[in-house]
Amino acid sequence: MARLALGAALFVLLIAGPVWADDAGIVIAIKDHQFVPSTVEIPAGTKVKITVRNQDQTTSEFESVDFHREKVVQPGGEITVFVGPLDRGSYEFFDDFHPATRGHLIAK
Ligand SMILES: [Cu+2]
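First residue of the sequence shown? That's 5 in this note's numbering, and the numbers climb one at a time after it.
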């Protein structure tokens, strides 16, 4: 039984491993109208998957003029966007429905 489970786990690792490496990305929560974390470092020159989870009771819109993304996030819901490859620098994002809620991607 244990050997079977280990075998299954190894199999999952083998088929899913590379996907995790490419696909894990970054998770940002929206909580009490703050991005958590509000500053996120990403590698420059690489396409990055960003998951935004809205933990508030209000609808948000994850938006960035700097990296040209805009997506509504329902209360309790999540969205994913792919960003980049970006040059080194700081890129602002915000909640378009609560514009005081802001954060930055730092590509380095
Ligand atoms: Cu918008």
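Heads up, the beta-carbon is just placed ideally off N, CA and C, and yes, glycines get one too.
Listed by position along the chain, the residues with Cβ atoms less than 6 Å from a non-hydrogen atom of ligand 1 are E65, E67, E74 and D100. Of D60, P41 and I110, the smallest CA-CA separation from F71 is found for I110. In its chain, beyond the 5 residues on either side, I32 and G107 have a beta carbon closer than 8 Å to the beta carbon of P41. Taking the Cα of Q59 as reference, the smallest distance to any Cα among K35, G49 and R92 is reached at K35.
Membership of H102 in the beta strand (DSSP E) is indicated by the continuous run H102 to A111.
Looking from the CA of D99, the closest CA among E67, G93 and V56 belongs to E67. Residue pairing of Q38 in beta bridges, as defined by DSSP: K35.
If you draw a straight line from the Cα of F39 to the Cα of V85, it is about 15 Å long.
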